[in-house]
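Protein sequence lines correspond, in order, to chains Y and U.
Everything in the first sequence is counted per the working numbering, starting at 99 for the first residue and increasing by one.
Everything in the second sequence is counted per the working numbering, starting at 374 for the first residue and increasing by one.
Backbone N, C-alpha and C fix where the C-beta goes; we use that ideal spot for every residue, glycine too.
The next block holds one structure in the form of structure tokens; read it before the comments.
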Amino acid sequence: MHPTDPTIKKIIAKILSYSLIERTSNHSAFSIQSFIHTWLKERLDVRESKEKLLDAVRLTGQSVSYEEPRRFDHWAFKKRIVLHLQVCWQHTREYLQSKPPMDKVRDFIGNLSWIAHVFYELQYWREAEEIDTRMVTLCRNYFGESDLDTLKAMTNLAMTLHKQERFNEAEELQVKVLPMEKEVLGESHPDTLTSMACLAGTLYSQRRFSEAEELDIKVLPMRKEVLGESHPDTLTAMANLAMLLYKQERFNEAEELQVKVLPMRKEVLGESHPDTLKSMGCLAMTLYSQRRFSEAEELQVKVLPMRKEVLGESHPGTLRSMACLAVTLYSQKRFSEAEELEVKVLPMRKEVLGESHPDTLQAMENLAITLSARERWKEAAELCTRLVAISKETLGEVHPSTVKRIQQLEDYKEAQLSQIGQYSPPTQLQERLVLLLCLSKTHVC
Amino acid sequence: MGIGSSLVNADVFTSTPTGTGVTASWSPVIRNIASPAAFWNFSGSNPLGNDHSVSYPRGGIEGDLVVSATPQPLSITATGADDFNAQLFDHHLGYNQLAIKLAEAYITATGSSVQKYLTLYHERLWNILSMILDDTAADNVHCAAAALEISFEALERDHEQAADLLLTCAFLHHEKIYDDFICRGLARDGKLLISISSYN
């Protein structure tokens with residue numbers, strides 16, 4: 099937590115002395131009684147309201163853009179303040195009906211983009227997309243189509259659409275932005291290279307690997323030249339290319355790049371930087387995919403406690419590390435150890451990401467598989483019943499994942515009946531299950 | 374009603390709690406209010422959490438104090454003794470818990486006398502009521518608003534930046550405003566909340 103500035107402390111104490119705010123029980127925050135909160139807004143005239151709202155936008159924008167050196171607890175911080183961002187955005191939406199003055203609009207847009215960024219990071223897609231869309235319109239109206247801020251706003255919107263798996267819409271924007279940036283900034287400008295990398299990401303997500311690789315292969319040497327070999331963005335380009343190779347099951351080539359990136363990130367960013375830890379996790383995944391389980395485990399047991407420390411226990415990245423380690427343990431038939439981790443991951447993902455989030459569903463599936471491996475068919479079937487219900491609801495009945503899970507459920511039920519002597523399973527049931535487990539546990543991280 | 378401890382057993386005021394009302398002798402402006410319940414009409418539920426709502430009549434009221442159709446500030450002459458009955462103090466504030474809390478804090482923070490505060494309070498209450506066109510009686514909202522106006526204006530005089538910050542917080546969620554959130558938000562400025570823009 100940011101050390102409270104003595105000046106701010108004094109200011110808060112002053113407001114407290116008039117009982118206009120109340121301290122929360124742990125004294126790290128304050129609350130305003132709802133009547134006072136409403137009264138404060140109502141006492142302002144329209145002009146004052148707009149001024150104060152813009153102050154609030156500035157306060158929130160700066161609070162999330164503020165980075166303390168070598169501290170990466172931003173995710174937890176953003177989670178804590180997201181409610182304020184939502185309220186602030188609700189007010190801003192109303193005030194955007196009127197036109198912000200030209201001389202202040204860039205500052206306003208800059209802060210608003212930080213708010214959008216938090217929604218993006220926390221996967222509040224509705225809010226993120228809404229702000230991004232408004233920003234594109236605002237920038238176009240104020241600065242014109244080929245202004246750099248307009249292009250950045252379009253890139254941000256494309257990324258938000260990408261994350262929602264609306265790849266076509268994302269790509270449509272990206273292919274507009276890229277030639278404009280090339281024209282305005284030049285081919286080798288860092289922003290142009292970022293746009294190329296983002297487009298490559300969208301192609302990658304559509305499994306258009308060769309097109310993505312074509313772009314990534316261009317980005318990497320240009321970043322090396324423009325930014326330098328060990329610049330964080332150059333290392334990201336290497337890491338992206340490695341992931342692309344991994345996805346194409348070119349594990350040796352992927353590993354070759356990853357073992358270059360990891361020590362460089364350690365040196366440039368530090369051992370416990372989230373990107374360094376991500377590199378370790380990715381390398382572990384590549385080793386796992388080559389069935390080098392003990393090597394993968396060795397890395398994963400290093401990453402997990404570091405992520406816990408750096409990102410926090412319930413951060414999605416930390417939970418992913420736990421899930422990956424569980425898969426590696428499972429693959430070594432260390433089922434009870436795998437289960438121990440998986441029963442921790444599932445409730446935390448439910449809480450942090452929601453029950454219908456794809457990662458939560460994956461955690462349910464993994465746990466069900468582990469339970470079935472331990473022949474606890476009843477528990478596996480119960481869990482899988484819930485999993486199938488959510489999959490049907492969120493993905494639809496004909497989605498490949500739903501179909502696979504329905505089949506899994508049937509198998510568990512059959513095995514359960516067989517266990518209590520009411521049903522003789524087909525002789526190949528166990529083999530089918532083993533095959534299913536292998537398929538399910540692949541690429542789970 | 375923590376302020377009560379310093380306010381009880383005054384020579385000037387005596388009071389006997391009777392049911393929801395208070396029987397008081399009051400000197401010199403408000404005298405011989407035989408039936409305060411007629412003056413303060415307690416009824417109904419209170420959205421602010423206390424038990425009573427207060428009706429503050431805009432026409433004439435019983436007792437010696439007569440208020441004309443045009444609201445006039447109620448003046449309470451200082452008696453030289455601030456320590457009068459706490460319940461009477463609460464009674465003046467319509468038993469509104471928020472108003473009482475704000476009043477207590479104001480008196481402590483500014484060192485004002487209770488009587489001065491009450492004068493100010495009644496003045497504000499009348500001002501609020503005078504802005505209402507119909508014959509709306511004073512209720513808990515008006516009592517709290519009067520106390521809030523006094524406290525907020527005092528804060529503005531005392532520490533402008535603090536008042537500024539509080540107003541800015543009106544555009545955030547009202548609960549759990551973290552200190553470190555405020556600190557990070559202001560960290561780059563070096564100084565506090567200078568408006569970034571004013572819309573036309």
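(request) Could you list which residues in chain U have their beta carbon closer than 9 angstroms to that of residue 132 of chain Y, in chain order? (result) 547, 548
(message) Short of 6 angstroms in beta carbon distance, which residues of its chain neighbour residue 472 of chain Y, apart from the five on each side in sequence? Order them along the chain.
(response) 433
(message) At a CB distance below 8 angstroms, what residues from the segment 100–119 of chain Y approach chain U? Give them in sequence order.
(response) 100, 101, 102, 103, 105, 106, 107, 109, 110, 112, 113, 115, 116, 117, 118, 119
(message) Given a cut-off of 8 angstroms on the beta-carbon distance, is the pair residue 343 of chain Y and residue 355 of chain Y in contact?
(response) yes
(message) My output table needs one value for residue 436 of chain U: the three-state DSSP class, helix, strand or coil.
(response) For residue 436 of chain U, the pLDDT reaches just 29, beneath the cut-off of 50, and the residue's location in the model is therefore unreliable, leaving the point undetermined.
(request) Mind listing the chain Y neighbours of residue 467 of chain U? Cutoff is C-beta to C-beta under 9 angstroms, in chain order. (result) Those within 9 angstroms of residue 467 of chain U in chain Y number zero; the least Cβ separation is about 14 angstroms.
(request) Run the CB neighbour count on residue 136 of chain Y, radius 10 Å, all protein chains shown included, and call it buried at 16 or more, exposed below. (result) exposed
(request) Anything in chain U within Cβ reach of residue 210 of chain Y, meaning under 9 angstroms, just list it in chain order. (result) The premise fails here: residue 210 of chain Y is roughly 11 angstroms from chain U at the closest Cβ pair, so nothing lies under 9 angstroms.
(message) Residues in the same chain with beta-carbon distance under 8 angstroms from residue 499 of chain Y, minus the five sequence neighbours each way, listed in chain order, please.
(response) 459, 489, 493
(request) Could you confirm whether any beta carbon from chain U is found closer than 8 angstroms to the beta carbon of residue 150 of chain Y? (result) yes
(request) With DSSP collapsed to three states, give me the class of residue 471 of chain Y. (result) helix
(request) Along the alpha helix (DSSP H) that carries residue 543 of chain U, what are the first and last residues, could you check? (result) Per DSSP, residue 543 of chain U belongs to no alpha helix (DSSP H) and is neither H nor E.
(request) Could you give the DSSP three-state label for residue 479 of chain U: helix, strand or coil? (result) helix
(request) With a cut-off of 8 angstroms on the beta carbons, I'd call residue 207 of chain Y and residue 233 of chain Y a contact; round off their distance for me. (result) Their Cβ separation, rounded to whole angstroms, is 6 angstroms, which keeps residue 207 of chain Y and residue 233 of chain Y in contact under 8 angstroms.
(request) Confirm, please, whether the CB-CB distance from residue 377 of chain Y to residue 335 of chain Y is below 8 angstroms. (result) Cβ atoms of residue 335 of chain Y and residue 377 of chain Y: not closer than 8 angstroms.
(request) Would you kindly check if the distance between the Cβ of residue 467 of chain Y and the Cβ of residue 486 of chain Y is under 8 angstroms? (result) no
(request) Could you list which residues in chain A have their beta carbon closer than 7 angstroms to that of residue 542 of chain U, in chain order? (result) Going by chain labels, chain A is absent from the structure shown, which instead holds the protein chains Y and U.
(request) For the beta strand (DSSP E) holding residue 117 of chain Y, just list the boundary residues, first then last. (result) Unbroken run through residue 117 of chain Y: none, as it is neither H nor E.
(request) Could you tell me the boundaries of the beta strand (DSSP E) in which residue 419 of chain Y lies? (result) Segment 414–429 is the alpha helix (DSSP H) holding residue 419 of chain Y; no beta strand (DSSP E) there.
(message) Suppose only complete runs of 4+ residues qualify. What are the alpha helix (DSSP H) ranges in the segment 112–160 of chain Y, listed by chain order?
(response) 132–140
(message) Using 8 angstroms as the threshold, is the C-beta distance between residue 253 of chain Y and residue 275 of chain Y below it?
(response) yes
(request) Would you mind telling me which residues of chain U sit closer than 7 angstroms to residue 122 of chain Y, beta carbon to beta carbon, in chain order? (result) The answer, in chain order, is 549.
(request) Kindly list the residues whose CB is nearer than 6 angstroms to the CB of residue 429 of chain Y, restricted to its own chain and excluding five residues on each side of it in sequence; keep chain order. (result) 391
(message) Check whether chain Y comes within 8 angstroms of residue 531 of chain U, counting only Cβ atoms and requiring the distance to be less than that.
(response) Yes - at least one Cβ of chain Y is within 8 angstroms of the one on residue 531 of chain U.
(request) Grab the span of the alpha helix (DSSP H) containing residue 252 of chain Y for me, first residue to last. (result) 246–261
(request) Take the Cβ of residue 108 of chain Y as the centre, count every other Cβ of all protein chains shown within 10 Å, and call the residue buried at 16 or more, exposed below. (result) exposed
(message) Using a Cβ-Cβ cutoff of 7 angstroms, what residues of the segment 486–517 of chain U are near chain Y? List them in chain order.
(response) 517
(message) If you reduce the DSSP assignment to three classes, tell me which class residue 494 of chain U lands in.
(response) DSSP places residue 494 of chain U in helix when its eight states are reduced to three.
(message) Rounded to the nearest angstrom, what separates residue 114 of chain Y and residue 192 of chain Y at their Cα positions?
(response) Linking residue 114 of chain Y to residue 192 of chain Y through their CA atoms gives a straight-line distance of about 30 angstroms.
(request) Could you please give the first and the last residue of the uninterrupted alpha helix (DSSP H) stretch that includes residue 285 of chain Y? (result) Note, residue 285 of chain Y: premise wrong, no alpha helix (DSSP H); not H, not E.
(request) State buried or exposed for residue 363 of chain Y, treating a residue as buried only when at least 16 other CB atoms are found within 10 Å of its CB. (result) buried
(message) Checking the sheet assignment: what are the DSSP bridge partners for residue 504 of chain Y?
(response) In DSSP, residue 504 of chain Y forms no bridge with anything.
(request) Kindly provide the ranges of any alpha helix (DSSP H) runs that are 4 or more residues long and lie completely inside the segment 300–358 of chain Y, ordered along the chain. (result) 307–325, 330–345
(request) Please state whether DSSP places residue 418 of chain U in a helix, a strand or coil. (result) In this predicted model, residue 418 of chain U has a pLDDT of only 33, less than 50, meaning its place in the structure is not dependable; the value taken from the coordinates is given anyway. In the three-state reduction of the DSSP assignment, residue 418 of chain U falls in the coil class, being assigned neither a helical nor a strand state.
(request) State whether the segment 121–138 of chain Y contacts the segment 532–543 of chain U, with contact taken as three or more CB pairs (one from each stretch) at a distance under 8 angstroms. (result) Contact holds: three or more Cβ-Cβ distances are below 8 angstroms.
(message) Let me see if you follow: with CB-CB separation under 8 angstroms, is residue 462 of chain U close to chain Y or not?
(response) No, no contact with chain Y.
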